[in-house]
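Written out below as structure tokens is the structure these notes cover.
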Amino acid sequence: HSGGGSDGTRREAAGKKTVKEWPAGTMARNYPADIAAQKSLEERYTKERDAQLHWYMARRASGKVGGGTETRSRQMEVFKRRLELAPTMTDDLRQSVEKFKTQKHTKPKRNENQEVLDAISRLKESDPSLCVEMRPISPRTRGLLYQGFSREGRGRGLYLKERAAKAPEDKYQFPIVSSWEYGWKLGEVIKVADIKKPPFGRTRLINDTFYTRTGIPDRQTQGLLIRSKTVF
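Take 1 as the starting number for the sequence shown in UniProt numbering and just add one per residue.
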């Protein structure tokens with residue numbers, strides 16, 4: 001009895017193992033495809049299409065779709081009569097229309113350079129001093145060129161420092177290059193006293209040390225250079 005019981009339990013366990021359980025929310029794929037289901041679906045589509053065609057042909061025969069031939073013929077007669085009674089175009093009007101078609105009706109392109117030249121010519125007529133690109137240098141600043149040498153911190157070096165301290169809007173009447181247009185005469189809108197640097201902000205050490213606009217470092221750059229030597 002014990003042996004028979006053990007065989008029965010083994011068969012039940014084997015049967016349980018062969019049953020595959022699908023996870024919740026999933027469906028098994030119908031593969032290979034069910035030919036009978038496909039044929040049934042095809043017959044349903046064919047039946048629906050035939051019903052639509054039968055309904056359309058029945059309404060067309062009764063004259064409810066597209067109108068009858070008599071209605072269309074009457075409409076064509078009315079349309080032809082309107083065309084015959086419409087006023088015809090005279091020869092002068094036809095010639096003017098043909099001439100209008102041959103002409104090019106395009107908007108002329110705007111030449112910005114020519115507009116600038118025209119504005120400069122108008123300024124020359126009103127005030128010739130406004131047409132000068134750079135304002136005249138003051139005699140005091142010009143005299144720095146002839147006092148000492150750059151090696152001594154005077155002469156050309158001091159002259160370039162004085163010129164670099166001034167903003168382009170103070171030296172020129174209008175922007176010479178397009179990069180000056182950004183921030184041109186910004187001091188009239190924002191005061192310099194209102195611009196404050198953060199006390200603990202980072203300093204652009206390398207940029208201010210290795211890149212100069214005039215080739216001669218100013219006092220701030222010299223201080224950064226000395227500081228960089230002490231740091232590195």
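Beta carbons are placed, not taken as given, at the ideal position from N, Cα and C, and that holds for glycine.
Chain-order list of residues whose beta-carbon lies under 6 Å from that of residue i (same chain, five-residue window excluded)
i, result
"phenylalanine 149", "Gly155"
"leucine 158", "Leu144"
"arginine 44", "none"
Straight-line Cα distance separating residue j from residue i
i, j, result
"isoleucine 176", "lysine 166", "16 Å"
"glycine 143", "aspartate 127", "28 Å"
"lysine 39", "alanine 61", "33 Å"
"leucine 225", "alanine 193", "Only weak support is given to the placement of leucine 225: the predicted model assigns it a pLDDT of 46, under 50, and the value that follows is read from those uncertain coordinates. Distance between the alpha carbons of leucine 225 and alanine 193 is about 27 Å."
"arginine 59", "alanine 51", "12 Å"
"lysine 191", "lysine 104", "54 Å"
"aspartate 91", "lysine 101", "15 Å"
"arginine 94", "asparagine 113", "42 Å"
"glutamine 173", "valine 189", "18 Å"
"glycine 153", "isoleucine 137", "20 Å"
"glutamate 115", "serine 179", "20 Å"
"lysine 124", "lysine 171", "19 Å"
"tryptophan 55", "arginine 49", "10 Å"
"glycine 183", "lysine 107", "34 Å"
"arginine 135", "isoleucine 120", "16 Å"
"leucine 83", "glutamine 75", "13 Å"
"arginine 151", "lysine 197", "33 Å"
"proline 199", "valine 132", "42 Å"
Close Cβ partners of residue i (< 8 Å) along its chain, the five nearest in sequence each way excluded
i, result
"glutamate 181", "Pro175"
"methionine 89", "Val97"
"lysine 185", "Glu169"
"threonine 141", "Tyr159, Glu162 and Arg163"
"leucine 86", "Reading off the sequence, residue 86 comes out as alanine, not leucine. Result list for alanine 86: empty, nothing under 8 Å."
"glycine 187", "Ala167 and Glu169"
"tyrosine 146", "Gly155"
Close beta carbons around residue i, own chain, < 7 Å, minus the five adjacent residues each side
i, result
"lysine 17", "Its pLDDT being 48, under 50, lysine 17 is placed unreliably in this model, and the value from its coordinates should be taken loosely. For lysine 17, where only same-chain residues beyond five positions count, there are no Cβ hits under 7 Å."
"arginine 122", "none"
"lysine 47", "none"
"alanine 36", "none"
Contact test: residue i Cβ vs the ligand PLP heavy atom, cutoff 7 Å
i, result
"lysine 99", "In terms of ligand content, the structure shown is empty, and the ligand PLP therefore cannot be addressed."
Span of the alpha helix (DSSP H) around residue i
i, result
"alanine 58", "35 to 62"
"threonine 102", "91 to 102"
To test your reading of the DSSP string, which unbroken alpha helix (DSSP H) runs of 4 or more residues are found completely within the segment 124 to 150? 139 to 143
Just to confirm the assignment: which complete beta strand (DSSP E) runs, minimum length 3, are found wholly within the segment 146 to 193? none
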